[in-house]
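So the sequence lines, in the order shown, correspond to chains A and F.
Our numbering numbers the first residue of the first sequence as 343 and each following residue consecutively.
Our numbering numbers the first residue of the second sequence as 2 and each following residue consecutively.
We put the beta carbon where it would ideally sit given N, CA and C, even for glycine.
Quantities reported herein were computed from a predicted structural model and do not represent experimental measurements.
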Amino acid sequence: MKISFLAALALALGAAVPAANAAEIEFWYGNTGRVEEAIQNACEAFNAAEDTHSITCVGHGGYEAGMQKAIAAYRTGEHPVLIQFFDAGTLDLMLSGAVLSVEAIMPEVAWDDYIGGARSYYETSTGELYSQPYNGSTMIFYANMEMLGEVGVTDIPETYKGVVEVARRLKDNGHACPVLQRVHPWFSLEQFSARHGEAIASNNNGYGGLDAEYTFNTGLVAEHLVNIAAWREEGLFRLPADTPAGRNGFNAGECAMLETSSAAYGGALAALGDAVGIGFAPIYEGYERRNTLIGGASIWVMKDHEDASYDAARAFLNFVREHDQQIAFTRHTGYVPVTNAALETLKASDMADEPEFATADIGVASLNMPGDANSRGIRLGFYVQFRDVFIQEVTMALNGEQEIQAALDNAAARGNELLRRFEQTYQGVELP
Amino acid sequence: MVRRYCKAGKMRQGFYVGRVTYAMLVAPILVLIFLFFYVPVGLAFFWSFFLERPFGGGSQFVGMQNFSRVLSDPVYWEALRRTVVFMIIAPGLAIGISLVLALAADRGLRLSQAARNIVIWPKAVAGASIGVVFVFIFNPFLGIFSPINDLFPGLWNPRIDGNDAFATIVVAQVWNGIPFNFVILLSGLQAIPDMLVKSAAMDGAGSWRRILDIQLPLLTPQLFLTFVLEFVGTVVEAFGLIDTMTQGGPGEATTLLIYKIYVDGFKAYDLSGAATQTVLLMIFVIVMVLLQFRLEKHVKYER
């Protein structure tokens, strides 16, 4: 009796040993549509390939909703091991004390292989990568080559001077919307300043400490927005509000040129076919081109889980980094590969010429341009709120309710109040 | 107000025996109200005196600092001003139009039976759906006002003109409010004894005179009810419309208090700022409702 009990116990323990190392973990993400499909494909492929661990990927219908639920879950100790979060919330998570840096838990990975603009956005001021870049995009320039061809232009302009020249020709040819331009700071402030190597705030956009202050209101951005307003008066630039299809003006065939995310390429290709041409986002003459910033999101590892769960998390992060996984994700979504090695594999394969991969080359090249201290990224508190402030003030200026300069001064002043309150909220916390 | 006929000792005359039964019957809803109303409200009060980090840890007491910051922020006062303007215009129109419709339907005009049904239908449409539909209706290029833009380019564009956007939210809110107000006011009118109206008519009172001197005074309880519900509704329920139609823009033209709280708390993780504004909004609503109940002294329920 006793022996059989011990035997049973030993058997049970023996069976339990592999089970103790196996883990079922959750990964929360925010994307919908085709990106969600690609994420679910990756999860299924992981579960099929993995015999110890398994992952459940839970969609939350948006980055912000996912973050809200993660906050609530963390406060009650029900949080997932892995969570995807978008670029603008990087600082909130870095200071949250709720995450582990991926470099710390996976020192063996060749993190240097991540493309420059992606690394710098998610790393600390001392160069420690905190989260693993996942769905990466960046700003590129789109042109409808058929429309440009009608006025004898065959090359996509690379400077604003060139863009304006082409726009004038289009306008003289009766074109109602030569350039579609959005005022959201991702377009008119962040990506713009980064590729010109200009700071939007002191301390290198906040990388140097929480006591940063906004400085964009005196720099090139102010000049750029004044130009946009003048070009809009002249009928060269159009805001989404000025054109029937709004933000879809380019895909609808209303507008000839547009700067926007590389992730929009799939939609443009489906709508316009061969007419879509892409290039680097334009810069002003006399400036050296710097890297653009990464858009999209990265995967964060949260604290307070079992060792086995972290083994599973490592396995999943390694899995989505595999070249064929990155290439499959790029093909399905239009996001760019995030490691140089994966891009090389793609280029060496016979898939390189397929239209789905057209943005990979130019997007990665734009992210890999030589950077400087001001093109690393944005590390400013309550940044999501600041984006709204910027949109409000600039929209009022473009509607003629105030001068552009006054709008930028207001936005900077209100932004600085947000920064000071953020600094106070995180009093005593060191920015990593 | 309701008079209390039964004193505490006479409880036993009720349907159930013993207090425990009553307590148990009421308990579920009390627990729900406690969990989903008082606890969050309490937490909002608590957070409004702290600087709270979204993921917890290191929250620090700052006294009235959150309040002084919010109250010295011109953006907050602008949002409050817009909320008050919205609270006056939208209920005014929603109740005024419903009253006209109800008076017409009550008179038994031709087709009023059919109209009674049709006017109620919009009640079945959710606020967010109404927002989506009105975005199409007011589209500056394709909507009903696009002919105006053909004549005077750029005159109507709620995508960039704040006043236009505010007007679209008001129209959607009014449209949304009419069915319910109509039902309440019509039922109130039909409950007015026929003989009052008929005898007034026999005495030679015209239809306007009958409305002003008989129907409206006897309708005050229903008018009061719709006003209270509309006031509170415009403060808290306009959220769905704003979120689907304008997201608070352009500029800040349609950022009412309720939307600002949502953006600060749920999109920007500024829990303390949002909690402070929630407390202020609660105080605002309570004050408005108390003012209305002072008005209620003039409402006569007896007929």
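Interface flag, residue i vs chain F, CB-CB below 7 Å
{"i": "A/A354", "result": "Caution is warranted here: a pLDDT of 48 is assigned to A/A354, below 50, making its placement in the model unreliable, and the coordinate value is therefore given only provisionally. It does not; no Cβ of chain F falls within 7 Å."}
{"i": "A/N741", "result": "yes"}
{"i": "A/F592", "result": "no"}
{"i": "A/M436", "result": "no"}
{"i": "A/G439", "result": "yes"}
{"i": "A/Q727", "result": "yes"}
{"i": "A/M644", "result": "no"}
{"i": "A/F724", "result": "yes"}
{"i": "A/Q734", "result": "yes"}
{"i": "A/G757", "result": "no"}
{"i": "A/T767", "result": "yes"}
{"i": "A/T432", "result": "no"}
{"i": "A/M599", "result": "no"}
{"i": "A/T602", "result": "no"}
{"i": "A/M738", "result": "yes"}
Contact with chain A by residue i, beta-carbon distance below 7 Å
{"i": "F/K8", "result": "With a pLDDT of only 48 at F/K8, under the threshold of 50, the placement of this residue in the model should not be trusted, and no figure is reported."}
{"i": "F/G57", "result": "yes"}
{"i": "F/K261", "result": "no"}
{"i": "F/F167", "result": "no"}
{"i": "F/G252", "result": "yes"}
{"i": "F/F142", "result": "yes"}
{"i": "F/Y1", "result": "The structure shown does not extend to residue 1 of chain F, since chain F spans only 2 to 304, so no value can be given for it."}
{"i": "F/F267", "result": "yes"}
{"i": "F/I312", "result": "Given that chain F is displayed from residue 2 to residue 304, the structure contains no residue 312 of chain F and the question cannot be resolved."}
{"i": "F/R54", "result": "yes"}
Helix, strand or coil at residue i [DSSP, three-state]
{"i": "A/F592", "result": "coil"}
{"i": "F/L156", "result": "coil"}
{"i": "A/A456", "result": "It should be pointed out that residue 456 of chain A corresponds to Tyr in this sequence rather than to Ala. Strand."}
{"i": "F/N118", "result": "helix"}
{"i": "F/L94", "result": "helix"}
{"i": "A/Q474", "result": "strand"}
{"i": "F/R295", "result": "helix"}
{"i": "F/R54", "result": "coil"}
{"i": "F/Q61", "result": "strand"}
{"i": "F/S1", "result": "With chain F running from 2 to 304 in the structure shown, residue 1 of chain F is simply not present."}
{"i": "A/I641", "result": "strand"}
{"i": "A/A576", "result": "Sequence inspection shows Glu at residue 576 of chain A; the Ala mentioned does not correspond to that position. The answer is helix: DSSP assigns A/E576 an H, G or I state."}
{"i": "A/L776", "result": "Given a span of 343 to 774 for chain A in the structure shown, any question on residue 776 of chain A remains unanswerable."}
{"i": "F/E231", "result": "helix"}
{"i": "A/L722", "result": "coil"}
{"i": "F/Y302", "result": "coil"}
{"i": "A/E465", "result": "strand"}
{"i": "F/L81", "result": "helix"}
{"i": "A/Y556", "result": "strand"}
{"i": "A/T737", "result": "helix"}
{"i": "A/T681", "result": "strand"}
Exercise for the section: Flag this pair as touching only if the region 501-511 of chain A and the region 696-715 of chain A have three or more C-beta atom pairs under 8 Å; answer yes or no. Expected result: Counting Cβ pairs under 8 Å, fewer than three are found: no touch.
Exercise for the section: Report the residues of the region 392-421 of chain A with a CB closer than 7 Å to any CB of chain F, ordered along the chain. Expected result: Correct list: E406, Q410, I413, Y416 and R417.
Practice task
Quick one: which residues of the region 690-713 of chain A get their C-beta closer than 8 Å to a C-beta of chain F? List them in chain order.
Solution key: Result list empty, no residue passes.
Practice task
Evaluate the contact criterion for the region 383-393 of chain A versus the region 653-666 of chain A: three or more CB pairs, one atom per stretch, below 8 Å.
Solution key: Yes, they touch.
Problem - Near-chain F residues of the region 565-589 of chain A (beta-carbon distance less than 9 Å), N- to C-terminal order - result: Those would be L581, P582, A583, D584, T585, P586, A587 and G588, in chain order.
Exercise for the section: Give a yes or no on contact between the region 53-63 of chain F and the region 432-446 of chain A, applying the rule of three or more CB pairs nearer than 8 Å. Expected result: Taking 8 Å as the limit for Cβ pairs, the verdict is that the region 432-446 of chain A does touch the region 53-63 of chain F.
Practice task
Taking only runs that begin and end inside the region 360-431 of chain A, name each unbroken beta strand (DSSP E) of 3 or more residues, in chain order.
Solution key: Runs of the beta strand (DSSP E) inside the region 360-431 of chain A: 366-371, 396-401 and 424-428.
Problem - the region 760-769 of chain A in contact with the region 719-730 of chain A per 3-pair CB rule at 8 Å - result: With a cut-off of 8 Å, the region 719-730 of chain A and the region 760-769 of chain A count as touching, because enough Cβ pairs lie within range.
Practice task
Specify whether the region 723-743 of chain A and the region 241-261 of chain F touch according to this definition: at least 3 beta carbon pairs, one from each stretch, less than 8 Å apart.
Solution key: Touching, yes.
Handout entry: Three or more C-beta pairs below 8 Å linking the region 640-649 of chain A and the region 425-436 of chain A
Key = Yes, the region 640-649 of chain A is in contact with the region 425-436 of chain A.
Problem - Any beta strand (DSSP E) of 3 or more consecutive residues that is wholly inside the region 603-636 of chain A - result: Counting only runs of 3 or more, we get 618-622.
Practice task
Quick one: which residues of the region 447-476 of chain A get their C-beta closer than 9 Å to a C-beta of chain F? List them in chain order.
Solution key: If the cut-off is 9 Å between Cβ atoms, the region 447-476 of chain A has nothing near chain F.
Handout entry: Entirely enclosed beta strand (DSSP E) segments - the region 476-549 of chain A, minimum 3 residues
Key = Secondary structure in the region 476-549 of chain A: the beta strand (DSSP E) runs of 3 residues or longer, each lying completely within the stretch, are 481-486 in chain order.
Exercise for the section: Using a Cβ-Cβ cut-off of less than 9 Å, give me the residues of the region 611-640 of chain A that come near chain F, in sequence order. Expected result: The residues in question: there are none.
Practice task
Would you check if there are 3 or more beta carbon pairs closer than 8 Å linking the region 646-655 of chain A to the region 571-591 of chain A?
Solution key: Too few Cβ pairs lie closer than 8 Å, so no.
Handout entry: Positions along the region 370-386 of chain A whose CB lies within less than 9 Å of some CB in chain F
Key = Considering only beta carbons, no part of the region 370-386 of chain A lies closer than 9 Å to chain F.
Handout entry: At least 3 beta-carbon pairs within less than 8 Å: the region 442-456 of chain A vs the region 605-624 of chain A
Key = With the cut-off at 8 Å, the region 442-456 of chain A and the region 605-624 of chain A do not touch.
Exercise for the section: Check whether the region 107-127 of chain F touches the region 220-231 of chain F, taking contact to mean three or more Cβ pairs, one atom from each stretch, closer than 8 Å. Expected result: No: fewer than three Cβ pairs fall under 8 Å.
Practice task
Kindly confirm or deny that the region 370-381 of chain A and the region 666-678 of chain A touch, where touching means at least three C-beta pairs closer than 8 Å.
Solution key: Flag = yes, the region 370-381 of chain A and the region 666-678 of chain A touch.
Exercise for the section: Return the residues of the region 109-129 of chain F that lie within a Cβ-Cβ distance of less than 7 Å from chain A, sorted by chain order. Expected result: If you check each beta-carbon in the region 109-129 of chain F against every beta-carbon of chain A, none falls closer than 7 Å.
Practice task
Check whether the region 513-520 of chain A touches the region 528-546 of chain A, taking contact to mean three or more Cβ pairs, one atom from each stretch, closer than 8 Å.
Solution key: With the cut-off at 8 Å, the region 513-520 of chain A and the region 528-546 of chain A do not touch.
Practice task
Report yes or no: do three or more beta-carbon pairs, one from the region 144-153 of chain F and one from the region 85-101 of chain F, lie closer than 8 Å?
Solution key: Because the criterion of three Cβ pairs below 8 Å is not met, the region 144-153 of chain F and the region 85-101 of chain F do not touch.
Practice task
Give a yes or no on contact between the region 365-375 of chain A and the region 394-408 of chain A, applying the rule of three or more CB pairs nearer than 8 Å.
Solution key: Yes: the two stretches touch, three or more of their Cβ pairs being nearer than 8 Å.
Practice task
Check whether the region 278-287 of chain F touches the region 109-118 of chain F, counting contact only when three or more Cβ pairs, one atom from each stretch, lie closer than 8 Å.
Solution key: When C-beta atoms of the region 278-287 of chain F are compared with those of the region 109-118 of chain F, fewer than three pairs fall below 8 Å, so the two segments do not count as touching.
Problem - the region 267-284 of chain F touching the region 405-424 of chain A, judged by at least three CB pairs closer than 8 Å - result: Result yes; three or more Cβ-Cβ pairs closer than 8 Å.
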